[in-house]
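Colleague: Dumping the structure here so I can ask a few things about it.
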Amino acid sequence: MHARSGFFSAIIAVIVLAWVPTAAPAGQAPGQATPAAETYKLRCAVCHGPDGNAQVPEMNFADGQWKHGSSVKEIAKVISEGVPGTAMVAFKSQLSEKEILDLARYVRAFDKTKGNAKTRPRKPGS
Numbered sequence: 013m014h015a016r017s018g019f020f021s022a023i024i025a026v027i028v029l030a031w032v033p034t035a036a037p038a039g040q041a042p043g044q045a046t047p048a049a050e051t052y053k054l055r056c057a058v059c060h061g062p063d064g065n066a067q068v069p070e071m072n073f074a075d076g077q078w079k080h081g082s083s084v085k086e087i088a089k090v091i092s093e094g095v096p097g098t099a100m101v102a103f104k105s106q107l108s109e110k111e112i113l114d115l116a117r118y119v120r121a122f123d124k125t126k127g128n129a130k131t132r133p134r135k136p137g138s
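Residues in the sequence shown are numbered consecutively from 13, following the numbering used here.
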């Protein structure tokens, strides 16, 4: 019986630790994900990976290369209009302009290359 209560105590401890709030950006409740992070998780991560590190180079946001432009404005255009002939669909009918811009900023932040300056365009076929 004592072993069983120890097991349940361990379970309770794990649950409590999982609910401990983390530091949050200003104006955001602790433990609450940003709307852009939630949108990315729901709509983008399946193809681009949870951290933007997709195995397919054209879909990777963290490798220092962009195929369709690296500015927030260019990324927002791709999110809004999609990329014809690819699996990247247009989201302009599903997301507001603000949501698209916030998502573009979120995606841009995945770039961890030196200076966070994705200036090298991706070469066709690479």
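Every residue gets a Cβ at the ideal spot worked out from N, C-alpha and C, and that includes glycine.
Can you name the start and end residues of the alpha helix (DSSP H) that SER92 belongs to?
Modeller: Per DSSP, SER92 belongs to the alpha helix (DSSP H) from 84 to 93.
Colleague: Which first and last residues belong to the alpha helix (DSSP H) in which PRO47 is found?
Modeller: First-last of the alpha helix (DSSP H) with PRO47: 47 to 55.
Colleague: Look at ARG55 and VAL84 and say whether their C-beta atoms are less than 8 Å apart.
Modeller: No; because the gap between Cβ atoms is not below 8 Å, this pair is not in contact.
Colleague: Identify, in the order they occur along the chain, each residue of the same chain with its Cβ nearer than 6 Å to the Cβ of LEU113, setting aside the five sequence neighbours on each side.
Modeller: Cβ within range, chain order: ALA88.
Colleague: Note down, in chain order, each residue of its chain lying with its Cβ closer than 7 Å to the Cβ of VAL28, except the 5 sequence neighbours on either side.
Modeller: Confidence is the limiting factor: at VAL28 the pLDDT is only 36, short of 50, which leaves the residue's position unreliable, though a coordinate-based value still follows. Excluding residues within five positions, none has a Cβ falling inside 7 Å.
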